[in-house]
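Written out below as structure tokens is the structure these notes cover.
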Amino acid sequence: MSTVAQRSRDLPQLRADTPGCQHIIHFNNAGAALPIKEVVDIQHAFLDSEALCGGYETVITETEALQLAYNELATMLNCSARNIAILQSATAAWMQVFYGIPFQSGDRILTGVHEYAANYIAFLQVAKRTGAKIEVIPETADNDVNLEALEHSIVHGQGRPALLAFTHIPTNSGRVYSAEGIGAIAKRHGVPFLLDACQSVGQMPLNVAKLGCNWLSGTSRKYLRGPRGVGFLYASDKAMQQSEPAALDMWGAEWVTGGQYRLQPGARRYEQYERCFAAVAGLGVAARYANELGVDWIWERVQELAAELRSRLRSIPGVTVHDRGRLLCGIVSFTKDGVDSAQMKAFLLKKMINVSISPMTSTRLDFEKHGLPESVVRASVHYYNSSADIEQLAQAVSDAHQ
0 MSTVAQRSRD LPQLRADTPG CQHIIHFNNA GAALPIKEVV DIQHAFLDSE
50 ALCGGYETVI TETEALQLAY NELATMLNCS ARNIAILQSA TAAWMQVFYG
100 IPFQSGDRIL TGVHEYAANY IAFLQVAKRT GAKIEVIPET ADNDVNLEAL
150 EHSIVHGQGR PALLAFTHIP TNSGRVYSAE GIGAIAKRHG VPFLLDACQS
200 VGQMPLNVAK LGCNWLSGTS RKYLRGPRGV GFLYASDKAM QQSEPAALDM
250 WGAEWVTGGQ YRLQPGARRY EQYERCFAAV AGLGVAARYA NELGVDWIWE
300 RVQELAAELR SRLRSIPGVT VHDRGRLLCG IVSFTKDGVD SAQMKAFLLK
350 KMINVSISPM TSTRLDFEKH GLPESVVRAS VHYYNSSADI EQLAQAVSDA
400 HQ
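Under numbering that gives the first Met the number 0, the residue at position 401 of the sequence shown is numbered 400, and the numbers go up by one with no gaps.
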């Protein structure tokens, strides 16, 4: 496929590049965004080649297509391609880091109020196995992570601060944590920092040098608009010197003698060989598309649409918008009096409008802190959404009743 020097930011063209826009109004981009046609096409072509020529053989002949994801993600994150690993999911990437850290009894894992359930369950499991402790850093009045409290905990807390593990943007709300602030503190005190960027990659600019993270995990299927079943990891050179991946195979390491193995250079050590290579190729195309549009422009567009949606929802009697924060993104969470979240989702789907639900079990600490109901409706915008889409959603929400 030819590289387009500059993608059109024209809304009709963006929607033409997104076949799903002809069939559905999609506000579930924080779950799985509608894919770009080029992404679907390259996956079909890759699978056809595997069927006609063989799976291993296609990997050899399509080296350039498979390398694209590494190169484009490196461009997006401002790092080298050698610092990028591609895995089966963002969760797999995150776990390769987390479970590879040699926690000991009394070690402290510092995290945030809005931490995602999958990560927090891993904290609980490691605490149970090793005696490590979980410490939740409080938030400021404007619902950002309290950086003063974080630094105080590192300096004065009881036990070694073994890891800062924070989610950049929660699954249930539009607020954005100050990852750069966390990274600066982590660097100042030499504490490793693992950033879950699943909801931020592809939505907002991410520069790992400025973020100061040792590792960053991300997914293809959300704001990057790539395939499902593939994720990635950024690992700094320093991080790769400090700990090993949780699991190794003969792709991530080499068996050099009967009693020794040697890690592969670079972030490839975090990978396992067997992946959906068609999805890797699709991820590369999706990341290139975002880079050509410009992530700065994407971020500005998404924030504008989200602000428009919040304003429109607040004008509807009985609707409460639950996003609170110093900086808000494309995720908009809301409820309507007398209509539970599952009912709202089902009603909207009948109108050919996709939204999602965030239950308390996804970010329990955050729900409990803010006294939220058992679940909230999550409508997440992307740059291909239009004001007409927003108006149709708002009208449908207004019409919904028990």
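Cβ coordinates follow ideal geometry from the N, Cα and C atoms, glycine included.
Small disclaimer: the values here were computed from a predicted structure and weren't measured.
The alpha carbon of residue 246 has as its nearest neighbour, out of 30, 130 and 100, the alpha carbon of 100.
Where residue 84 is concerned, the enclosing beta strand (DSSP E) starts and stops at 83–86. The three-state reading of DSSP puts residue 214 in strand, counting E and B together. Looking at the backbone, the Cα of residue 153 and that of residue 165 are separated by about 15 Å. Residue 128 and residue 106 have their alpha carbons spaced roughly 12 Å apart. A direct Cα-Cα distance of roughly 16 Å separates residue 377 from residue 397.
Ranking 365, 177, 293 and 386 by CA distance to the CA of residue 6 puts 293 first. Going by C-alpha positions, residue 147 is about 29 Å away from residue 92. Under the DSSP definition of a beta bridge, residue 356 partners with 376. Taking 9 Å as the cut-off, the beta carbon of residue 178 is found closer than this to the beta carbon of residue 167. Contact check between the stretch 72–88 and the stretch 310–329: fewer than three CB pairs, one atom from each, fall below 8 Å, which does not count as touching. Around the beta carbon of residue 114, 16 or more other beta carbons sit within 10 angstroms, so the residue counts as buried. Looking at the backbone, the Cα of residue 393 and that of residue 181 are separated by about 36 Å. In the three-state scheme derived from DSSP, where H, G and I count as helix and E and B as strand, residue 224 is classed as coil. Under the DSSP definition of a beta bridge, residue 260 partners with 254.
Under the DSSP assignment, residue 54 falls in the alpha helix (DSSP H) whose first and last residues are 54–60. Residue 90 and residue 124 have their C-alpha atoms spaced approximately 15 Å apart. Straight-line measurement puts the Cα of residue 136 at about 6 Å from the Cα of residue 149.
Counted as a single uninterrupted DSSP element, the beta strand (DSSP E) harbouring residue 161 occupies residues 160–166. Judged by DSSP secondary structure, residue 363 falls within the alpha helix (DSSP H) whose first and last residues are 363–369. Nearest to residue 158 by C-alpha distance, out of 282, 102 and 29, is 102. Just so you know, the alpha carbons of residue 36 and residue 189 end up roughly 44 Å apart. Short of 7 Å from the beta carbon of residue 139, and not among the five residues preceding or following it, lie these beta carbons of its own chain, in chain order: 145. Between the stretch 262–271 and the stretch 36–46, the count of Cβ pairs shorter than 8 Å is below three; the stretches do not touch. Note: residue 194 is bridge-paired with 165 and 215 in the DSSP secondary-structure output.
Here residue 249 is exposed: its Cβ has fewer than 16 other Cβ atoms, across all protein chains shown, within 10 Å.
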